[in-house]
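Sequential numbering from 1046 applies to the sequence shown in this note's numbering.
For each residue, glycine too, the CB sits at the ideal point set by N, CA and C.
All of these numbers come straight from a predicted model, not from anything done at the bench.
Below you'll find the structure, written out as structure tokens, and then a few comments.
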Amino acid sequence: MHADGRYDARVSSPPPPPTPPEAPAGPTDPVVARERLAGIRGVLLDLDGVMVLRGEPIGEAPAAMGRLQSSGLPYRIVTNTSLVSRETLSTRLAGLGIRVPPHDIVSALSATAAYTREVFGGQPIYLLSSPDGRREFAGQWLVSHAEADAPGAIAAAVVVGDSPEELTYGNMNRAFRFLRDGAQLVAMHRNAWWLTAAGPTLDAGAYVVGLEYAAGTEATVVGKPTREFFVRALDDLGIGPLGDVLMVGDDLRFDVGSAMALGLRAALVLTGRHGLDDVAAAARGEPPAVGVPIVPTVVAPSLADVVETLLGA
Ligand SMILES: [Mg+2]
């Protein structure tokens, strides 16, 4: 934990976050979980697999979220969603009984828009994002597909998010040509797939990897699991030291491992992507971990259990 609450590279050799030595065989005992989550003063919450799955709310998650909000504990939703704007996401969540204002959400899409505003402000950007997602980029210089086809067209960056309408061969080819001419490749995330009502569904990661391969370049990734994404959300949350912040997620690597590497505590919930077999494998450094063992601070059946641990029954 960082005693001074900072989370930049100048903090020298921070001690590793406290982790239990062995992977739990099941959800963490509630008494032990309360001890391990004592003193939490802010919460980051993943969305997919924690509150919603396949477009439906998960069990008691809406009520648990309402309880967390009523408690006054500061929180932010941190999600790799890049399909729709925070405003639309907020409206859709309200339809599922989860009331989260847009400004309490940090998405891969909104973080990417903030990133390109900072890094490429005033320069042309070729953006592959859904029409709704483009709202997050209001005020930025976006090159249209027609402009991309004009002789001598240039772009400082090619930005790729999830969009069934925009990730076409024609647009990928336009993106490829800009990259060949020196544009930088920016990926909202590299997610391979996600669960929708129709089942496992291809995400934007495959397109990012395809462009990297074809253009011989490497994308700058903005969303989870990058350190920068969490730093952006933590800046917004404004809570320190980092050991007082809890990340709640369903993905051992993207949520738990990346948050704990920064010094946060992390709760894995078993309502989404990863189950107890994955917990055991990750504790050995095997996939979904990549070499370095990942052991969550607590393993909980659901978000409702995490909220009960934080706030009492
Ligand atoms: Mg998730």
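Use the C-beta contact count for residue i: other C-beta atoms within 10 angstroms, 16 or more gives buried, fewer gives exposed.
i: Asp1296; result: buried
i: Gly1308; result: buried
i: Ser1135; result: buried
i: Ala1242; result: exposed
i: Asp1049; result: Unreliable positioning characterises Asp1049 in this predicted model, as indicated by a pLDDT of 42, which lies under 50. The coordinate reading is nonetheless provided below. Looking at its Cβ environment, which holds fewer than 16 other Cβ atoms inside 10 Å, Asp1049 is exposed.
i: Pro1169; result: buried
i: Thr1161; result: buried
i: Arg1272; result: exposed
i: Asp1350; result: buried
i: Trp1238; result: exposed
i: Asn1125; result: buried
i: Ser1155; result: buried
i: Leu1212; result: buried
i: Arg1055; result: Confidence is the limiting factor: at Arg1055 the pLDDT is only 39, short of 50, which leaves the residue's position unreliable and the question unanswerable from this model.
i: Asn1216; result: buried
i: Leu1356; result: exposed
i: Asn1236; result: buried
i: Ser1057; result: Bear in mind that a pLDDT of 47 at Ser1057, under 50, signals an unreliable position, so the model cannot answer this.
i: Ala1084; result: The question names Ala, but residue 1084 is Gly in the sequence shown. The residue is exposed, with fewer than 16 neighbouring Cβ atoms inside 10 Å.
Mind checking whether the beta-carbon of residue i lies closer than 7 angstroms to any heavy atom of ligand 1?
i: Gly1094; result: yes
i: Arg1079; result: no
i: Arg1298; result: no
i: Asp1322; result: no
i: Asp1248; result: no
i: Asp1289; result: no
i: Gly1227; result: no
i: Gly1294; result: yes
i: Arg1099; result: no
i: Gly1317; result: yes
i: Asp1350; result: no
i: Asp1207; result: no
i: Asp1177; result: no
i: Asp1091; result: yes
Please determine whether the Cβ atom of residue i lies at a distance below 7 angstroms from any heavy atom of ligand 3.
i: Gly1197; result: Only ligand 1 can be found as ligands here, which leaves ligand 3 out of the picture.
How many Å lie between residue i and residue j at the Cα?
i: Gly1330; j: Val1337; result: 5 angstroms
i: Gly1261; j: Ala1070; result: 43 angstroms
i: Thr1342; j: Leu1090; result: 15 angstroms
i: Ala1183; j: Asp1207; result: 18 angstroms
i: Glu1353; j: Leu1141; result: 21 angstroms
i: Asp1149; j: Ala1228; result: 32 angstroms
i: Pro1075; j: Arg1222; result: 55 angstroms
i: Ile1199; j: Trp1186; result: 12 angstroms
i: Val1129; j: Ile1339; result: 31 angstroms
i: Leu1092; j: Ala1191; result: 36 angstroms
i: Arg1051; j: Arg1081; result: For Arg1051, the pLDDT reaches just 41, beneath the cut-off of 50, and the residue's location in the model is therefore unreliable, leaving the point undetermined.
i: Leu1315; j: Leu1282; result: 25 angstroms
i: Ile1284; j: Glu1181; result: 25 angstroms
i: Ala1220; j: Leu1138; result: 32 angstroms
i: Pro1147; j: Asn1218; result: 33 angstroms
i: Arg1225; j: Tyr1171; result: 13 angstroms
i: Val1203; j: Arg1121; result: 28 angstroms
Original post:
Enumerated in chain order, which unbroken segments of the alpha helix (DSSP H) with a length of 4 residues or greater are wholly contained in the segment 1242-1300?
Top reply: 1250-1260, 1272-1282
**OP:** Can you check the segment 1121-1150 for any beta strand (DSSP E) of at least 3 residues that lies completely inside it and give the ranges in chain order?
**Re:** none
**OP:** Within the segment 1151-1232, note down every full alpha helix (DSSP H) run reaching 4 residues or more, in order along the chain.
**Re:** 1153-1165, 1190-1194, 1214-1225
Original post:
Residue ranges of each beta strand (DSSP E) run of no fewer than 3 residues wholly in the segment 1298-1340, ordered along the chain?
Top reply: 1310-1314
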